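According to the numbering used here, the sequence shown is numbered sequentially starting from 19.
Beta carbons are placed, not taken as given, at the ideal position from N, Cα and C, and that holds for glycine.
Predicted, not measured: the structure shown is a model, and the values here were computed from it.
Below is one structure, written out as structure tokens; the observations come after it.
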Amino acid sequence: MSKAVTIAGILAGIPVLVVIAAFNIFPNYQSSSVAGSVENNEFNSSESIINLNVDNFNTTIAEGVTLVDFWAPWCGPCRIQGPILEEVAESVEGRAKIAKLNVDDAGSVAGRFGVQNIPTLVLFKDGNEVRRFVGVQNHNILIEAISKLKEGD
19 MSKAVTIAGI LAGIPVLVVI AAFNIFPNYQ SSSVAGSVEN NEFNSSESII NLNVDNFNTT
79 IAEGVTLVDF WAPWCGPCRI QGPILEEVAE SVEGRAKIAK LNVDDAGSVA GRFGVQNIPT
139 LVLFKDGNEV RRFVGVQNHN ILIEAISKLK EGD
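Okay, here's the thing in structure tokens:
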């Protein structure tokens with residue numbers, strides 16, 4: 019009985035040790051890589067992507083087709099989605115708006131739309147939610163969704 023308890027105790031501690039080891043190996047990961055990337059605007063290097071906030075969110079989505087990426091700088095999948103979104107922005111320029119909302123800075127907006135996971139991409143038409151994608155989405159899926167919505171105009 020005591021062997022089982024001891025083994026269970028050792029196994030329970032392994033995830034904690036892995037996390038501690040990761041922070042020791044990469045002590046500045048979050049502060050230098052992620053935060054530095056945000057300061058240098060690496061998450062949104064495309065000029066065709068609109069940076070949203072509490073003040074400009076409603077006016078941005080009010081007219082036309084807008085794809086909004088709800089993201090955060092510490093989110094690994096969001097970092098993957100970023101370059102894909104830049105490609106989409108270039109592909110649909112003039113036909114739809116592509117925007118990003120940092121949920122850490124505008125949690126009230128994310129809450130209003132029930133965003134519980136990131137990245138979440140929400141497609142709006144004239145201010146109304148039309149479609150929602152949760153998780154990393156590829157270029158073709160997003161382009162197809164925007165194109166179908168534009169065909170309905």
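Name the residue from the options whose alpha carbon lies nearest to the alpha carbon of residue i.
{"i": "P105", "options": "A117, H157 and E169", "result": "Note that residue 105 is Glu in the sequence shown here, rather than Pro. Per the Cα distances, H157."}
{"i": "G125", "options": "S66, F75, E147 and E65", "result": "F75"}
{"i": "I67", "options": "C93, P91 and A107", "result": "A107"}
{"i": "N69", "options": "D123, I159, W92 and S109", "result": "D123"}
{"i": "A117", "options": "S165, T77 and G132", "result": "T77"}
{"i": "D73", "options": "E65, V127, C93 and W92", "result": "V127"}
Looking only at DSSP bridge pairs, what is residue i linked to?
{"i": "K115", "result": "T84"}
{"i": "V140", "result": "V86 and R150"}
{"i": "N120", "result": "W89"}
Go through its chain and collect everything with a Cβ distance to residue i's Cβ below 8 Å, but skip five positions before and after it.
{"i": "R149", "result": "V140, L141, A163 and L167"}
{"i": "V154", "result": "P95, I98, Q99, I102 and P137"}
{"i": "E147", "result": "F131, V140 and L141"}
According to DSSP, is residue i part of a helix, a strand, or is it coil?
{"i": "V152", "result": "strand"}
{"i": "N69", "result": "strand"}
{"i": "N76", "result": "helix"}
{"i": "G100", "result": "helix"}
{"i": "V133", "result": "coil"}
{"i": "G125", "result": "helix"}
{"i": "G94", "result": "helix"}
Might you give, ordered along the chain, the residues of its own chain that have their beta carbon closer than 6 Å to the beta carbon of residue i, omitting 5 neighbours on each side?
{"i": "F151", "result": "L139"}
{"i": "N109", "result": "Sequence inspection shows Ser at residue 109; the Asn mentioned does not correspond to that position. Taken in chain order, the residues that qualify are I161."}
{"i": "N71", "result": "A124"}
{"i": "C93", "result": "I136"}
{"i": "G145", "result": "I79 and A80"}
Apart from the five residues on each side of it in sequence, which residues of its chain come closer than 7 Å, Cβ to Cβ, to residue i?
{"i": "A90", "result": "C96, N120, V121, D122 and I136"}
{"i": "V133", "result": "F88 and V121"}
Comparing the C-beta of residue i with each C-beta of chain B, is any distance below 9 Å?
{"i": "N158", "result": "You won't find chain B in this structure, because it holds only one protein chain."}
At least three beta-carbon pairs within less than 8 Å, the segment 128-142 to the segment 83-94: With a cut-off of 8 Å, the segment 83-94 and the segment 128-142 count as touching, because enough Cβ pairs lie within range.
Cβ contact check for the segment 75-82 and the segment 110-125: 3 or more pairs under 8 Å: Output reads yes: the segment 110-125 touches the segment 75-82.
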